[in-house]
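Chains as they are written, first to last, in my numbering: chain A, 1 to 165; chain B, 1 to 177.
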Ligand code: SF4
């Protein structure tokens with residue numbers, strides 16, 4: 001449900017709840033922190049490129065965390081990187097969202113047992129909104145993850161973040 | 001172009017006692033065992049000799065030979081005799097298109113090997129990796145720091161050692177699954 005299929009009163013006037021308008025604005029331009037970690041990043045880049053065209057959902061990469069709304073954790077989170085991810089997350093302005101992409105960032109993936117250097121799930125350092133399974137997830141799966149995130153934002157309330165649908 | 005056997009003979013004539021043996025029975029590439037304190041002069045010879053000219057260090061790897069000896073006495077006490085660590089050098093001469101492999105074996109309780117960094121610059125990072133992962137100390141290396149693991153990783157903890165145990169926490173993050 002977008003804003004534009006809401007009631008039109010006169011001419012160019014749209015009547016909507018302020019909350020809906022705000023959520024619609026947010027979910028329609030999720031700028032992601034330009035940031036890739038491992039093999040999953042290749043699929044994320046493919047999703048951003050013309051064939052899958054992330055841009056049609058208003059997603060585009062921003063090189064600075066200060067200008068980003070979301071991080072897609074696309075790949076293996078090493079312990080060394082985890083401290084940096086945490087800092088990047090803290091540098092982002094609210095509201096901020098995290099998509100965890102692929103088995104590695106969901107739970108350690110192929111490194112779950114012998115990966116002495118791998119954090120077994122990025123949710124040990126930052127809160128995750130949507131988990132996308134796969135190794136690597138196809139671009140379609142990432143798009144589905146994005147749609148899930150949009151759904152989540154659509155149901156947010158001004159009074160309370162992350163209201164249930 | 002020279003075969004490893006010929007190169008071994010040349011080395012044997014030049015450095016009789018520091019060239020230990022020639023391993024040719026293993027089902028892998030043949031290699032020459034060199035004593036740890038001589039690896040630098042042997043490498044220099046291999047690089048500078050006009051008929052050899054090993055100008056390319058293709059790879060340098062550290063390994064744990066997995067030969068600790070564990071003995072348990074009657075009371076059930078375990079004693080471990082530490083085994084050895086090795087460094088392998090894979091050399092190639094671009095000019096003559098011949099290859100040779102060297103190996104240096106050191107005791108785990110004193111893992112010190114001469115650095116070859118000032119012969120082949122490639123060795124700089126490779127030696128740092130062998131130090132980081134296996135814990136081999138390269139003497140005279142200009143900058144022997146960890147290269148892959150975080151800088152503040154526990155001192156003396158080298159993840160590719162066979163007896164390595166992962167810490168429970170790193171900077172407050174739980175490490176095991
Ligand atoms: S989940 Fe699979 S594809 Fe993705 S980063 Fe990990 S190993 Fe690579």
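Every residue gets a Cβ at the ideal spot worked out from N, C-alpha and C, and that includes glycine.
Around the C-beta of residue i, are 16 or more other C-beta atoms found within 10 angstroms, so that it is buried, or is it exposed?
| i | result |
| --- | --- |
| residue 127 of chain A | exposed |
| residue 150 of chain A | buried |
| residue 31 of chain B | buried |
| residue 50 of chain A | exposed |
| residue 63 of chain A | exposed |
| residue 177 of chain B | exposed |
| residue 109 of chain B | exposed |
| residue 81 of chain A | buried |
| residue 142 of chain B | exposed |
| residue 86 of chain B | buried |
| residue 75 of chain A | buried |
| residue 135 of chain A | exposed |
| residue 124 of chain B | buried |
| residue 50 of chain B | exposed |
| residue 130 of chain B | buried |
| residue 41 of chain A | buried |
| residue 15 of chain A | exposed |
| residue 24 of chain B | exposed |
| residue 158 of chain B | buried |
| residue 101 of chain A | buried |
| residue 163 of chain A | A caution first: residue 163 of chain A carries a pLDDT of 49, below 50, which makes its placement in the model too unreliable to give a value. |
| residue 116 of chain B | buried |
| residue 133 of chain B | buried |
| residue 112 of chain B | exposed |
| residue 78 of chain B | exposed |
| residue 17 of chain A | exposed |
| residue 78 of chain A | buried |
| residue 25 of chain A | exposed |
Taking 7 Å as the cut-off, does the CB of residue i come closer than this to any heavy atom belonging to the ligand SF4?
| i | result |
| --- | --- |
| residue 103 of chain A | yes |
| residue 4 of chain B | no |
| residue 109 of chain A | yes |
| residue 75 of chain A | yes |
| residue 27 of chain B | no |
| residue 133 of chain A | no |
| residue 136 of chain A | yes |
| residue 38 of chain A | yes |
Should residue i be flagged as near chain C, meaning a C-beta pair shorter than 8 Å?
| i | result |
| --- | --- |
| residue 174 of chain B | In summary, chain C is missing from the structure at hand, where the protein chains are A and B. |
query: Should the stretch 134–151 of chain A be regarded as contacting the stretch 25–39 of chain A, the criterion being three or more beta carbon pairs within less than 8 Å?
result: yes
- prompt: If contact means a Cβ-Cβ distance below 8 Å, which residues of the stretch 159–170 of chain B contact chain A?
  reply: 159, 164, 166 and 170
query: Can we say the stretch 34–49 of chain A touches the stretch 133–146 of chain B, given the rule of at least three CB pairs closer than 8 Å?
result: Too few Cβ pairs lie closer than 8 Å, so no.
message: I want to know whether the stretch 49–64 of chain A touches the stretch 145–155 of chain B - three or more CB-CB distances under 8 Å.
response: no
task: Closer than 7 Å, Cβ to Cβ, to anything on chain B: give me those residues from the stretch 107–139 of chain A, in chain order.
output: Hits within the stretch, in order: 108, 112, 113, 116, 117, 119, 120, 124 and 125.
message: Does the contact criterion of 3 or more C-beta pairs under 8 Å hold for the stretch 8–27 of chain B versus the stretch 95–107 of chain A?
response: no
task: Count the CB pairs spanning the stretch 104–111 of chain A and the stretch 129–141 of chain A that are closer than 8 Å, and state whether there are at least three.
output: yes
- request: With 7 Å as the C-beta to C-beta threshold (strictly closer), list the residues of the stretch 147–159 of chain B near chain A in chain order.
  value: 149, 150 and 159
- prompt: Between the stretch 73–94 of chain A and chain B, which residues of the former have a C-beta closer than 8 Å to a C-beta of the latter?
  reply: Of all residues in the stretch 73–94 of chain A, the ones placed with a Cβ closer than 8 Å to any Cβ belonging to chain B are 79, 80, 82 and 83, in chain order.
message: When you compare the stretch 165–176 of chain B with the stretch 93–104 of chain B, are there three or more beta-carbon pairs, one atom per stretch, that lie closer than 8 Å?
response: Segment contact: the stretch 165–176 of chain B against the stretch 93–104 of chain B, fewer than three CB-CB distances shorter than 8 Å; contact not assigned.
query: Taking Cβ-Cβ distances below 8 Å as the criterion, which residues of the stretch 82–104 of chain B are in contact with chain A?
result: Listed in sequence order: no entries.
query: Do the stretch 27–43 of chain B and the stretch 69–78 of chain B make contact, defined as three or more Cβ pairs closer than 8 Å?
result: no
- request: Assess, as a yes-or-no matter, whether the stretch 81–93 of chain B is touched by the stretch 53–69 of chain B under the definition of 3 or more beta carbon pairs within less than 8 Å.
  value: The stretch 53–69 of chain B makes contact with the stretch 81–93 of chain B, as at least three CB pairs between them are under 8 Å.
field: Three or more C-beta pairs below 8 Å linking the stretch 14–21 of chain A and the stretch 108–123 of chain A
entry: no
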